[in-house]
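Presented below is the structure to which this report refers.
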Amino acid sequence: MSALQTPNAVVMIRPHHFVSNPQTMQDNAYQVEAQSVHASELAYKEVTYVADTLKNAGVEVHLFEDESRLTPDSVFPNNWFSTHSDGQLVTYPMYAPNRRAERRLDIVEFLKQHYYVESITDLSKLAQSHLFLEGTGSMVMDHIHKIAFAVESKRTCAKLVEKVCQQLGYQAHVFNAFDEQKVAVYHTNVLMCVATEFVMIGLDMVPKEQQSALLAHFKQQNKAVIRLSNAQVAHFCGNALELQGEQGRILALSQTAFDALSDEQKHTIERSASLLPMSIPTLESAGGSIRCMLGGVHLQKR
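Numbering (our numbering), first residue to last: 490 to 791.
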């Protein structure tokens, strides 16, 4: 059984035809067009390297291939499904039309075969009604205290956050966050990461009148608060995931993020988790980082 906050197994997708998705570029400020003609080959190697690094740290990795040319963002599976320790599996409505094809029944079937899945809630069809919620990109979960933090945006409908939280027995904490151009941050997991004993968050992006409610939550949960600057958020410092490895808790993050953290911030993290940085520059050109690549498996193994 995975620890409540920290899964010890993840789903990953290895793309064979990776490109930076033109359908998501409009509202993803962290996305750039991949410069290398070898981007597809490099992305394949980066996913392989991350999977191997996690396995070596004692994390179970369920690696699936994607040979389709129609799903450029499939490397980020955390947006289309989530799993929960009570046996629930939820699939989500995606904003970009070409991302809706990422939902794979073979992965759902694999999870049903190897883990106890008690119920499946399919919200994916709500995309036809222009209602969007992109999994654990839209909602950053505190599984211990049963709170889902969500930044409202084109890809994150507040009503759907409430609906999912009701289904899961979680409390919804919806707030706003904007970049320096006053554009809504497209995914919550870009600016915050909730771990067992700490939270990393780009508080400067949150309106001042909403900051105190967030800080009150973190204080109540006895979590150390690591404040990220806007520059650190742009370097994917918030896009990290705490996992359960063989030797204890680890924080999976990119080398870009690791290099942008201060020594003091790293020290705070290392009080409760080992840092595991991995270099994925090609994948980060698509606007996502390590957290987005990992579909955490919180289900009980058969």
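Quick reminder that beta carbons are idealized off the backbone N, C-alpha and C, glycines included.
If you're wondering where the values come from, they're calculated on a predicted model, not measured in any experiment.
N- and C-terminal bounds of the alpha helix (DSSP H) containing residue 779:
779–782
Does DSSP put residue 688 in a helix, a strand or coil?
The answer is strand: DSSP assigns residue 688 an E or B state.
Three-state class that DSSP yields for residue 739 in the structure shown
strand
Along the chain, where does the beta strand (DSSP E) containing residue 764 start, and where does it finish?
763–767
Among 700, 713, 725 and 756, the one whose alpha carbon lies nearest that of residue 770
725
Residue 701 (DSSP reduced to helix, strand or coil)
helix
Who are the near neighbours of residue 658 in its chain, counting only those whose CB is closer than 7 angstroms to its CB and skipping five residues on each side?
635
Among the candidates 677, 698 and 760, whose CA atom is the shortest distance from the CA of residue 722?
677
To the nearest angstrom, how far is it from the Cα of residue 561 to the Cα of residue 529?
10 angstroms
Grab me the residues of residue 578's own chain with a C-beta within less than 6 angstroms of its C-beta, minus the 5 sequence neighbours each way, in chain order.
Once the five neighbours on either side are set aside, the close Cβ partners of residue 578 are 572, 606 and 609.
Residues sharing a beta bridge with residue 604, DSSP
Its beta-bridge partners are 790.
For the beta strand (DSSP E) containing residue 529, list its first residue and its last residue.
Counting along the chain, residue 529 falls outside any beta strand (DSSP E), though it belongs to the alpha helix (DSSP H) covering 528–545.
Three-pair Cβ contact test at 8 angstroms for the segment 691–703 versus the segment 660–667:
yes
Indicate the three-state DSSP secondary structure (helix, strand or coil) for residue 566 in the structure shown.
helix
Sequence ranges, beta strand (DSSP E) only - wholly within the segment 578–652, length at least 3
608–611, 628–631 and 636–640
Residue 517 (DSSP reduced to helix, strand or coil):
Here residue 517 scores only 48 on pLDDT, less than 50, and its place in the model should not be relied on; the value that follows carries that caveat. Note: residue 517 maps to coil in three-state DSSP.
Can you tell me where the beta strand (DSSP E) holding residue 730 begins and where it ends?
730–734
Can you grab the Cα-Cα spacing for the pair residue 780 / residue 755, in whole Å?
17 angstroms
Along the alpha helix (DSSP H) that carries residue 696, what are the first and last residues, could you check?
Unbroken run through residue 696: none, as it is neither H nor E.
Limits of the beta strand (DSSP E) - the one that residue 561 falls within
Looking at the DSSP string, residue 561 is not in any beta strand (DSSP E), and its letter there is neither H nor E.
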